[in-house]
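One structure is given below, encoded as structure tokens.
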Amino acid sequence: MPAALKDFRTHSLVTELLTKCTFAPSNKTIHCAVSGGADSVALLVLAAAHSADVIAWHVDHGLRDGSANEAQIVQEIALALGAKFESRTVVVETGSNLEARAREARFAVLPTDVVTGHTADDQAETVLVNLLRGAGMRGMSGMQGGPSHPILQLRRNDTVALCDALGISVFHDPSNDDERFQRNRIRHEVLPLLQSISQRDVVSVIARQAELVRDDDALLDELASAIDPTDAKAIAAAPQALARRALRMWLAHPYPPDLATVERVLCVA
């Protein structure tokens, strides 16, 4: 392991980037999903600088040659940073919707409170993916910041710079260049085009827009929660956007109403 890792906690770039992170309190155990790419390795470095109790979780999907060896390298990085290491192997059959199925398999074996190395660049991509899917405000608000996405305010070039500064060699997943995947086309084609057209840092613009939409979405949820979804008159009197939201929140409840109740309310309203 590089000599720079010996005093990584006091490295100037580590201390600078930590001011932008949103990790849980330092006395908590932090479970980090670490693929071995720059983003997840930077996440692990920053988590280990923040907390003394960090566990790196690596999942081998078995989708490319040599993937099994990556777990060993991630383990070496984790141990050099003073973190613990856990590895899991999952089986993902090739075929359609591979990204989504791999993600589902991965999170099925990771701790429920695992944190991920998504950056502002990922946030911008997520917002555009959701836009193309016709998502509402919830989708347009992107990923929620905070302890579950502690480096969401960092940029992808920040994570690369950190790994370079510490002399850590990271993996490049060739699937990230495969333009059969929609997200990759957004990353390599759409965002650069928008950047060229707008002549500004479009990633930060989209990420900021997601924050504003999230605030509006939270306010609408608060207003909708004051409406009794079982009161047909209240639903009928409410603005359509709030009535729709109140019903959607009702249906998403852990104990949702039966179909007959919903039909009764809708018919009267």
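Note that this note's numbering numbers the sequence shown so that position 176 is 176, with each residue one more than the last.
Positions of the beta carbon are idealized from the N, C-alpha and C atoms, including for glycine.
Between the alpha carbons of Ile-30 and Leu-110, how many angstroms are there, rounded? Taking the straight line joining both Cα atoms gives about 12 Å.
Apart from the five residues just before and just after Asp-217, which ones in its own chain have a Cβ nearer than 7 Å to its Cβ? Around Asp-217: Met-137, Arg-138, Ser-141.
Count the other CB atoms within 10 Å of the CB of His-188; is the residue buried (16 or more) or exposed (fewer)? It counts as exposed.
Whose CA, out of His-253, Ala-241, Leu-63, lies closest to the CA of Gly-95? Selection His-253, Ala-241, Leu-63 evaluated against Gly-95 yields Leu-63 as nearest (Cα-Cα).
With 16 as the cutoff for other CB atoms within 10 Å, does Cys-32 come out buried or exposed? Per the 10 Å Cβ criterion, buried.
Euclidean distance between Cα positions of Phe-107 and Ser-148: So the alpha carbons of these two residues sit roughly 13 Å apart.
Inside the region 36 to 101 only - beta strand (DSSP E) runs reaching at least 3 residues: Considered as a whole, the region 36 to 101 harbours 54 to 60, 84 to 89 as its complete beta strand (DSSP E) runs of no fewer than 3 residues, in chain order.
Just to confirm, does Pro-174 get its C-beta within under 7 Å of one of the non-hydrogen atoms of the ligand GDP? The model depicted lacks the ligand GDP and carries no ligand whatsoever.
Span separating the alpha-carbon of Ala-241 from that of Glu-222: Rounded to whole angstroms, Ala-241 and Glu-222 show a C-alpha spacing of 13 Å.
Using beta-carbon positions only, say whether Ser-87 and Ala-105 come within less than 8 Å of one another. No, these two residues do not count as a Cβ contact at 8 Å.
When burial is assigned at 16 or more other CB atoms within 10 Å of the CB, is Ile-197 buried or exposed? Only exposed fits Ile-197, as fewer than 16 other CB atoms lie within 10 angstroms of its CB.
Just list the residues that DSSP pairs Ile-168 with in beta bridges. The beta-bridge partner set that DSSP reports for Ile-168 is empty.
Taking three-plus beta-carbon pairs below 8 Å as touching, is the region 178 to 187 in contact with the region 33 to 47? Using a C-beta cut-off of 8 Å, the region 178 to 187 makes no contact with the region 33 to 47, since fewer than three inter-stretch Cβ pairs fall below that distance.
From which residue to which residue does the beta strand (DSSP E) around Ala-33 run? 30 to 33 is the extent of the beta strand (DSSP E) around Ala-33.
Reference Ser-175; option with closest CA among Phe-8, Leu-13, Ile-55, His-61: Out of Phe-8, Leu-13, Ile-55, His-61, His-61 has the C-alpha closest to the C-alpha of Ser-175.
With DSSP as the reference, please indicate the residues paired to Val-115 in a beta bridge. Note: Val-115 sits in a beta bridge opposite Cys-32.
Does the region 149 to 156 touch the region 4 to 23, meaning 3 or more C-beta pairs lie closer than 8 Å? With a cut-off of 8 Å on Cβ pairs, the region 4 to 23 is in contact with the region 149 to 156, counting three or more such pairs.
Roughly how many angstroms lie between the CA atoms of Lys-84 and Val-114, to the nearest whole one? Linking Lys-84 to Val-114 through their CA atoms gives a straight-line distance of about 14 Å.
Should Ala-237 be labelled buried (16 or more other beta-carbon atoms within 10 Å of its own) or exposed? Exposed is the call here.
Counting C-beta neighbours from all protein chains within 10 Å, is the total for Gln-123 16 or more, i.e. buried, or is it exposed? When all chains shown are included, Gln-123 counts as buried.
Unbroken alpha helix (DSSP H) run spanning Leu-128, endpoints: Counted as a single uninterrupted DSSP element, the alpha helix (DSSP H) harbouring Leu-128 occupies residues 120 to 132.
Extent of the continuous alpha helix (DSSP H) run through Asp-221: Per DSSP, Asp-221 belongs to the alpha helix (DSSP H) from 202 to 225.
Taking Thr-230 as the reference, which of Asn-69, Pro-239, Leu-251 has the closest Cα? When the alpha-carbon of Thr-230 is set against those of Asn-69, Pro-239, Leu-251, the nearest one is in Leu-251.
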